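Below is one structure, written out as structure tokens; the observations come after it.
Residue numbers (our numbering): 259 to 560.
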């Protein structure tokens, strides 16, 4: 039986709508129109004889049949992409779409500024970067790679590869430091206005090391947030002392807009892992991106 040439197009449209949860966003990603996307879904439902997507004026959601169909179509499209990438890469440069998810601050301040160098070196690889502080489902949402501070769980079907580490630094603006008394130990920090990252209801804990001496405190936030950028802006404006990653503050420290607090006391650095699907371990585009990330951590090469 011949497969109609438009069937794969309909499958791609459906999978994109299901992944993004919106006809409008799907049309934007596909370079199409909302009406064309809606028509494609209707054609697919007529072909299959069943409703795949519940549609209202405000939202779309998958039916049970739609969820079953999506599981198969994602696998088919992923397999097709992998075969195409292997065949293309065997003839030349790595190519194809690379979907990446990363924490918001890391992606905005560290990864995004470095991506132009990667795209220049690999013009046949297209990038789709999604920034989100939630852990995304790589398989279900079609991501090739995630950047995370934790490795993949041993029981999962994912692989992980540590590509580097990032330091955490205490920083404050010169204006704020000029308003407070000088101090020399982390156990004095709660006397001042602390700007703290708080993602969950778990108690906060900061541990500092100086030689063989270690001090752990439970910081009392003057201002807390689940967004590093808001803490960074608060520190710049003189609101207090913040604990931030090096990639957020390096430029402002060099420019004198922020000053490191208690530089003799070190906090443990955080590892950065590339997490990816086991079945894609041999992907040429992924291999190219890993090598690029590792290069970025070697002597600040990027």
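Yeah, the Cβ is synthetic: ideal placement off N, Cα and C, and Gly gets one too. This one's a predicted model, so the numbers in the text were calculated from it and none came from an experiment.
Asked: Per DSSP, which residues does residue 468 bridge with? Please list them.; Found: 471
Asked: Taking residue 469 as the reference, which of 361, 301, 392 and 521 has the closest Cα?; Found: 521
Asked: State whether the region 508 to 525 contacts the region 425 to 441, with contact taken as three or more CB pairs (one from each stretch) at a distance under 8 Å.; Found: yes
Asked: What separation, rounded to the nearest whole angstrom, lies between the Cα atoms of residue 270 and residue 406?; Found: 28 Å
Asked: Starting from residue 360, trace the beta strand (DSSP E) in both directions and tell me its first and last residue.; Found: 354 to 360
Asked: Exposed or buried, what is residue 441 when buried is set at 16 or more other beta-carbons lying within 10 Å of its beta-carbon?; Found: exposed
Asked: Can the beta-carbon of residue 360 be found closer than 8 Å to that of residue 503?; Found: no
Asked: Within the continuous alpha helix (DSSP H) that includes residue 376, where are the two ends?; Found: 373 to 379
Asked: When the Cα of residue 327 is compared with those of 387, 544, 491 and 272, which residue comes out closest?; Found: 272
Asked: Relative to the alpha-carbon of residue 474, which residue among 448, 490, 399 and 459 has its alpha-carbon at the smallest distance?; Found: 448
Asked: Please go through the same chain and pick out, in chain order, the residues whose beta-carbon is closer than 7 Å to the beta-carbon of residue 289, but skip the five residues on each side of it.; Found: none
Asked: Tell me the DSSP secondary structure of residue 323 in three-state form.; Found: helix
Asked: State yes or no: is the C-beta of residue 321 within less than 8 Å of the C-beta of residue 335?; Found: no
Asked: Are residue 500 and residue 490 close, meaning C-beta to C-beta below 8 Å?; Found: yes
Asked: Which whole-angstrom value is the C-beta distance of residue 416 and residue 396, which I expect to be below 8 Å?; Found: 6 Å
Asked: How should residue 285 be labelled, buried or exposed, when 16 other C-beta atoms within 10 angstroms of its C-beta is the threshold for buried?; Found: buried
Asked: Under 7 Å Cβ to Cβ from residue 355, same chain only, skipping five residues before and after it: list those, please.; Found: 384 and 386
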